[in-house]
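J.: Take this structure first; my questions come after.
There are 2 protein chains.
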Amino acid sequence: MTKRILALPGDGIGPEITRQACRVLEACRDEGLDIDIEEAPVGGAEIDRSGVPLAPETLEKAKSADAILLGAVGGPKWDTMPDISKRPEKGLLALRKELNLFGNLRPALLYPQLVEASSLKPEVVSGLDIMIVRELTGGIYFGQPRGRETREDGTRYGYNTYIYDEHEIRRIGRVAFEMAQKRGKKLCSVDKANVLEVTILWRDIMNELAPEYPDVELSHMYVDNAAMQLVRAPKQFDVIVTGNMFGDILSDAAAMLTGSIGMLPSASLNEHGQGMFEPCHGSAPDIAGQGLANPLATILSVAMMLRYSLNEADMAARIEQAVGAVLDQNLRTADIAYTGTRQVTTEEMGDAVLTAFNAA
Amino acid sequence: MTKRILALPGDGIGPEITRQACRVLEACRDEGLDIDIEEAPVGGAEIDRSGVPLAPETLEKAKSADAILLGAVGGPKWDTMPDISKRPEKGLLALRKELNLFGNLRPALLYPQLVEASSLKPEVVSGLDIMIVRELTGGIYFGQPRGRETREDGTRYGYNTYIYDEHEIRRIGRVAFEMAQKRGKKLCSVDKANVLEVTILWRDIMNELAPEYPDVELSHMYVDNAAMQLVRAPKQFDVIVTGNMFGDILSDAAAMLTGSIGMLPSASLNEHGQGMFEPCHGSAPDIAGQGLANPLATILSVAMMLRYSLNEADMAARIEQAVGAVLDQNLRTADIAYTGTRQVTTEEMGDAVLTAFNAA
Ligand SMILES: [Mg+2]
Ligand SMILES: [Mg+2]
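In order, the protein sequences belong to chains A and B. The first sequence: position 256 = 256 (UniProt numbering), numbered continuously. The second sequence: position 299 = 299 (UniProt numbering), numbered continuously.
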């Protein structure tokens with residue numbers, strides 16, 4: 001049966017990087033992958049068109065798609081919108097929530113060809129390969145009640161609610177334990193259980209799950225210590241599991257350890273394997289439209305799509321190998337270029353990946 | 001008038017590092033500083049004695065002291081206590097709250113003698129000098145309601161409340177703007193205003209304060225980006241101001257950038273200049289009692305005490321210069337030792353600082 005892919009290019013560099021990733025998807029189709037690709041606006045682009053970041057018809061298309069490829073959303077143009085519920089980022093949050101994409105996979109992988117790009121010493125990061133499993137549809141980003149109000153004496157205050165129930169914790173815990181089983185069999189759960197009650201429950205549930213995965217070594221770490229350990233000795237980690245907000249912070253820090261966030265894909269999955277795939281980097285409005293953007297994270301997001309939503313692990317590996325091949329050819333977009341490499345445009349990078357993919 | 005200092009050694013390595021710091025305080029007294037030093041247990045040590053981490057009489061002593069010197073609290077012995085309200089860390093939280101120590105100053109300073117200790121490349125961190133101003137008595141660590149409960153269908157859930165009012169934000173904002181005025185005149189406020197309402201108010205208040213400090217350049221950054229930027233290019237920051245939880249995470253990450261968290265002091269101040277001073281590192285129960293602990297962070301906390309609570313900037317500088325002198329002498333405790341330096345014990349390091357202090 002034909003699988004349906006919905007491409008949502010978004011804002012800033014989103015359209016140009018999504019274009020290159022779609023070319024790779026089209027090449028997969030040429031090789032026999034039975035897919036249908038449709039496109040729709042989201043984020044700021046949709047706000048400009050219809051006033052909301054996610055149109056109802058786009059949400060419907062997303063729901064019926066097998067997988068979604070997202071570029072990036074947001075930019076200074078929409079940063080000062082007074083109504084937070086209509087900002088570009090809300091389009092993403094709504095997609096995650098409506099499709100129940102609770103399982104966010106954020107690999108932090110350092111390509112050996114790019115070890116110099118890291119701000120860390122080579123011996124600290126060479127061979128780095130961490131998978132952060134972040135809960136994506138609960139926690140404080142979605143918790144109610146929330147808002148800004150004024151007390152009787154005129155004092156303004158703001159509040160949000162950090163809340164998880166055991167089902168939410170258990171299902172992301174299972175994703176993480178299973179991921180650890182497929183990898184190095186080490187799982188570190190990150191919380192703030194010495195202060196926050198909600199994360200005491202988090203730790204309890206992880207401990208309750210552990211006996212079902214006797215081959216996985218479970219450890220716990222406070223979030224402030226985890227931030228330190230990622231800087232000090234990141235290779236101690238295999239799989240990290242944590243809530244939405246801590247995962248947001250730690251996965252971005254871990255990504256930056258590689259020095260090449262333009263290389264890092266991500267997946268957001270629900271219980272049926274339906275997923276949204278997107279680069280870890282943002283919409284970089286400052287370089288949009290100049291051919292400077294690195295399309296590799298989005299192309300590698302296509303590989304994650306093939307692996308996790310379309311069950312095409314071989315085709316996924318072929319894309320990943322093609323990316324490795326262009327790095328071996330010393331081709332670099334501006335963000336990862338240095339002396340001795342050849343700087344190419346966004347489109348030239350797409351060309352090179354396609355050539356390598358087709359040659360494989 | 002005699003100033004009253006309360007020393008709270010705490011747990012793990014707390015007593016041995018506090019001992020060395022108190023020797024430095026005593027040396028200041030010998031040089032004419034009019035102080036009285038008293039000592040009391042806190043944290044796990046107090047739990048073992050009386051069942052609670054902070055005894056009422058200790059709290060009274062703390063309230064009437066001009067400054068408090070704290071070692072460190074906590075350890076695995078008390079980590080599994082079912083009643084979170086009686087854990088060692090709660091002793092600290094109670095002190096901060098009862099004394100209204102809302103302004104936490106966390107310098108991340110890289111000593112030129114220790115640049116090799118960092119996991120980051122020397123060119124990324126050499127000359128690093130960041131001051132993180134963290135709100136310490138509000139936000140989600142103190143917010144109500146909070147707890148763990150069970151729904152009617154038997155589902156367990158946990159929740160905490162992230163709340164700030166404009167007065168809390170404004171007073172920490174003023175501390176940060178004033179700190180920026182005394183330093184590089186750059187202030188970066190960290191929030192998650194694209195998602196969390198409470199931090200939209202945070203950003204609004206910082207913007208409202210800015211016109212009162214026209215010499216300070218105010219910028220804003222989302223917390224996940226701040227975690228990335230600290231790894232990528234930490235020297236872009238001068239003063240960072242943020243809430244309690246984000247400050248907990250970012251100040252620890254920033255401290256670890258230096259690679260020598262055993263060197264970093266901190267101050268927690270209220271509106272009257274009364275303060276608690278303590279090292280950034282923890283109680284390190286694994287090395288307690290072995291003479292391996294680095295007392296310099298606690299000794300430098302004494303320098304912050306002299307500067308911020310006792311108005312003795314010259315004496316503070318003399319302590320800091322003594323610490324620089326022992327580093328120049330290549331003396332190192334185990335945590336910062338490497339080939340070519342001379343490893344000394346906790347007490348020997350204290351001896352060396354005292355000798356340098358008295359020679360100055
Ligand atoms: Mg993020
Ligand atoms: Mg901390």
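Glycine is no exception: its CB is placed at the ideal position from the N, C-alpha and C atoms. Note that this is a predicted model, so its numbers are computed, not measured.
Do Ala180 (chain B) and Lys186 (chain B) have their C-beta atoms within less than 8 Å of each other?
T.: Cβ atoms of Ala180 (chain B) and Lys186 (chain B): closer than 8 Å.
J.: Please check the pair Gly103 (chain B) and Val52 (chain B), which I expect to be a contact at CB under 8 Å, by giving their CB distance rounded to whole angstroms.
T.: Wrong, their Cβ atoms sit about 26 Å apart, outside the cutoff.
J.: In chain order, what residues have a CB nearer than 6 Å to some heavy atom of ligand 2?
T.: A:Asp224, B:Asp248, B:Asp252
J.: Across which residues does DSSP place Phe177 (chain B) in a beta bridge pair?
T.: Per DSSP, none; premise fails for Phe177 (chain B).
J.: Consider the Cβ of Glu212 (chain B): report whether some Cβ of chain A lies at a distance smaller than 8 Å.
T.: Taking 8 Å as the CB threshold, Glu212 (chain B) stays off the interface with chain A.
J.: Hey, does Leu338 (chain A) have any beta-carbon neighbour from chain B nearer than 8 Å?
T.: For clarity, residue 338 (chain A) is Tyr in the given sequence; the question names Leu instead. No, because no Cβ of chain B sits closer than 8 Å to the Cβ of Tyr338 (chain A).
J.: Determine the burial state of Arg49 (chain B): buried for a count of at least 16 other Cβ atoms within 10 Å of its Cβ, exposed for fewer.
T.: exposed
J.: Who are the Cβ neighbours of Glu312 (chain A) in its own chain at under 6 Å, not counting the five residues just before and after it?
T.: If we look at Glu312 (chain A) and ignore the five residues flanking it on each side, its Cβ neighbours are Leu306.
J.: For Gly289 (chain B), count neighbouring C-beta atoms within 10 Å of its own C-beta (all shown protein chains included) and say buried if the count is 16 or more, exposed if not.
T.: exposed
J.: Please list the partners that Glu271 (chain A) has in chain B, where partner means a Cβ-to-Cβ separation under 9 Å.
T.: The contacting residues do not exist; Glu271 (chain A) stays about 17 Å from chain B at best.
J.: Among the candidates A:Arg332, A:Ile169, A:Thr298, A:Val326, whose CA atom is the shortest distance from the CA of Ala21 (chain A)?
T.: A:Thr298
J.: When the Cα atoms are used, what is the spatial distance from Ala356 (chain B) to Val323 (chain B)?
T.: 8 Å
J.: I need the boundaries of the beta strand (DSSP E) containing Val241 (chain B), first residue and last residue.
T.: 239-242
J.: Using the beta-carbon of each residue, which ones in chain B are nearer than 7 Å to Tyr308 (chain A)?
T.: Those within 7 Å of Tyr308 (chain A) in chain B number zero; the least Cβ separation is about 23 Å.
J.: Please state whether DSSP places Tyr141 (chain A) in a helix, a strand or coil.
T.: helix
J.: Taking its Cβ as the centre, do 16 or more other Cβ atoms sit within 10 Å of Asp252 (chain B), making it buried, or is it exposed?
T.: buried
J.: Considering only the alpha carbon of each residue, which of B:Pro41, B:Asn358, B:Tyr338, B:Arg332 lies closest to Glu348 (chain B)?
T.: B:Arg332
J.: What residues of chain B sit near Gly10 (chain A), judged by a beta carbon separation below 7 Å?
T.: Within 7 Å Cβ-Cβ: nothing; Gly10 (chain A) doesn't reach chain B, min ~15 Å.
J.: Consult DSSP for Thr150 (chain B) and reduce its assignment to one of helix, strand or coil.
T.: strand
J.: Which residues bound the beta strand (DSSP E) around Arg106 (chain A)?
T.: 103-109
J.: Output the boundary residues of the alpha helix (DSSP H) element that contains Pro88 (chain B).
T.: 88-98
J.: Report yes or no: do the region 238-248 of chain A and the region 30-47 of chain A share at least 3 C-beta pairs separated by less than 8 Å?
T.: no
J.: Whose C-alpha, out of B:Gly44, B:Leu99, B:Lys97, is nearest the C-alpha of Pro76 (chain B)?
T.: B:Gly44
J.: Examine the Cβ distances between the region 5-22 of chain B and the region 65-81 of chain B and report whether three or more of them are shorter than 8 Å.
T.: Yes: at least three Cβ pairs fall under 8 Å.
J.: Using a 10 Å radius around the Cβ and a threshold of 16 neighbouring Cβ atoms, would you call Tyr338 (chain A) buried or exposed?
T.: exposed
J.: What does the alpha-carbon distance come out to for the pair Glu212 (chain B) and Tyr159 (chain A)?
T.: 26 Å
J.: What three-state label does DSSP hand Glu219 (chain B) in the structure shown?
T.: It should be noted that the sequence gives Ser, not Glu, for residue 219 (chain B). Strand, per DSSP.
J.: Going by the beta-carbon positions, is the gap between Ile240 (chain A) and Ile205 (chain A) smaller than 8 Å?
T.: For Ile240 (chain A) and Ile205 (chain A), no; Cβs fall outside 8 Å.
J.: For the region 249-322 of chain A, which segments carrying the alpha helix (DSSP H) assignment without a break, of at least 4 residues, lie completely within its bounds, in sequence order?
T.: 296-308
J.: Could you tell me whether any Cβ in chain A is nearer than 8 Å to the Cβ of Gly275 (chain B)?
T.: no
J.: Flag this pair as yes or no: are the beta carbons of Ala108 (chain A) and Leu54 (chain A) separated by less than 8 Å?
T.: No; because the gap between Cβ atoms is not below 8 Å, this pair is not in contact.
J.: So is Asp286 (chain B) buried or exposed if we call it buried at 16+ other beta carbons inside 10 Å?
T.: exposed
J.: Taking the alpha carbon of Glu26 (chain B) as the point to measure from, which residue in B:Arg4, B:Asp238, B:Val42 has its own alpha carbon closest?
T.: Comparing Cα positions, the closest option is B:Arg4.
J.: Hey, Lys125 (chain A) and Leu269 (chain A): beta-carbon distance below 8 Å or not?
T.: Here the sequence assigns Val to residue 125 (chain A), which means Lys is not the residue at that position. No; because the gap between Cβ atoms is not below 8 Å, this pair is not in contact.
J.: Measure the CB-CB distance between Leu105 (chain A) and Ala267 (chain A) and report whether it falls below 8 Å.
T.: yes
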